[in-house]
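When we follow full-length UniProt numbering, the leftmost residue of the sequence shown carries the number 1, and every step to the right adds one. No residue lacks a Cβ here, since even glycine has one placed at the ideal position from N, Cα and C.
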Amino acid sequence: MEQANNHFLRCLEALKESSFFKDISKDMMYEMLTSMTRTHWNAGTFKNGKEVESTLHFIVSGRIKEYQVNPHTGREHTIFMLSKGDVFDVLGLMDSQSHDVYWEAVDELEILNISMVDMRRWIVEHPSINRTILKYLGHRMRQLELVATDISLHSTLIRLSHLLLNNINGHSHQLQLINNLPNNEIASLIGTTRAVVNRHIQELKKCGAISVKRSQIDVENVELLLAIAEEKFIP
Numbered sequence: 001m002e003q004a005n006n007h008f009l010r011c012l013e014a015l016k017e018s019s020f021f022k023d024i025s026k027d028m029m030y031e032m033l034t035s036m037t038r039t040h041w042n043a044g045t046f047k048n049g050k051e052v053e054s055t056l057h058f059i060v061s062g063r064i065k066e067y068q069v070n071p072h073t074g075r076e077h078t079i080f081m082l083s084k085g086d087v088f089d090v091l092g093l094m095d096s097q098s099h100d101v102y103w104e105a106v107d108e109l110e111i112l113n114i115s116m117v118d119m120r121r122w123i124v125e126h127p128s129i130n131r132t133i134l135k136y137l138g139h140r141m142r143q144l145e146l147v148a149t150d151i152s153l154h155s156t157l158i159r160l161s162h163l164l165l166n167n168i169n170g171h172s173h174q175l176q177l178i179n180n181l182p183n184n185e186i187a188s189l190i191g192t193t194r195a196v197v198n199r200h201i202q203e204l205k206k207c208g209a210i211s212v213k214r215s216q217i218d219v220e221n222v223e224l225l226l227a228i229a230e231e232k233f234i235p
């Protein structure tokens, strides 16, 4: 991206706010941005792993889901829901191997792209980047650990309660990241079906833990939802 580009300073601020670039100096970030290209994906844009493997993508705005699908049943499991400040595909950056996953833009996406070759060169020339990458990967691994534990040990109602609590805004009690997602997308995040999610949402509404208006879920009683998540209360 040219420094004269009208979006340069705004994109620079987005990089500075990202945990992926947290420990990188402003001068280094400035130079890196000049090697990036700004692109847009429309909502619903679909890519497979091979289509993104040669480029590292940094999200300036919007959401994208990384998922796998059973080719025989069509059932999906969403591995990650990514948003502003996130980067994909980090695994491709680490091992240079093809990644058998799919990507779909949930919203209109604004993205900064840099080739994997250039990014790997940056890592060699500026080894301090490794620290921030490790922190980012550590956060992702903790997310996967929580999901694996939930699916293995807890009922779908508990998993749904955990998902809501993990994505709530502490001030507004509105959902972040998973806000306005249809129930089939929520189901894909917790390893179940839309029908099961529909039933549990009605149960949580009936006991007063949440409210739903125009597909927007608001948490009305955090303490009650937490009690359900901790299996201290059964709605």
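C-beta contact flag for residue i and residue j at 8 Å
{"i": "residue 225", "j": "residue 164", "result": "yes"}
{"i": "residue 36", "j": "residue 112", "result": "yes"}
{"i": "residue 222", "j": "residue 173", "result": "yes"}
{"i": "residue 180", "j": "residue 194", "result": "no"}
{"i": "residue 219", "j": "residue 168", "result": "yes"}
{"i": "residue 156", "j": "residue 212", "result": "no"}
{"i": "residue 114", "j": "residue 34", "result": "no"}
Which of helix, strand or coil DSSP assigns to residue i
{"i": "residue 18", "result": "coil"}
{"i": "residue 181", "result": "coil"}
{"i": "residue 143", "result": "helix"}
{"i": "residue 13", "result": "helix"}
{"i": "residue 148", "result": "helix"}
{"i": "residue 227", "result": "helix"}
{"i": "residue 8", "result": "helix"}
Residue i, buried or exposed, once every other Cβ within 10 Å from all chains shown has been counted against 16
{"i": "residue 60", "result": "buried"}
{"i": "residue 128", "result": "exposed"}
{"i": "residue 96", "result": "exposed"}
_At 4 residues or longer, what runs of the alpha helix (DSSP H) sit wholly inside the UniProt domain "Cyclic nucleotide-binding" (20-140)?_
26-33, 49-52, 90-95 and 116-125
*Could you tell me whether the segment 26-42 touches the segment 93-112, where touching means 3 or more Cβ pairs closer than 8 Å?*
yes
*Please list the segments of the beta strand (DSSP E) lying wholly inside the UniProt domain "HTH crp-type" (154-223), counting only runs of 3 or more residues, in order along the chain.*
210-213 and 216-219
_Segment contact, 8 Å Cβ cut-off, at least three pairs: the segment 143-158 with the segment 44-64_ = no
*State whether the segment 131-139 contacts the segment 64-84, with contact taken as three or more CB pairs (one from each stretch) at a distance under 8 Å.*
no
_Can you confirm whether the segment 82-93 touches the segment 67-74 when touching is taken to mean that 3 or more C-beta pairs between the two stretches lie within less than 8 Å?_
no
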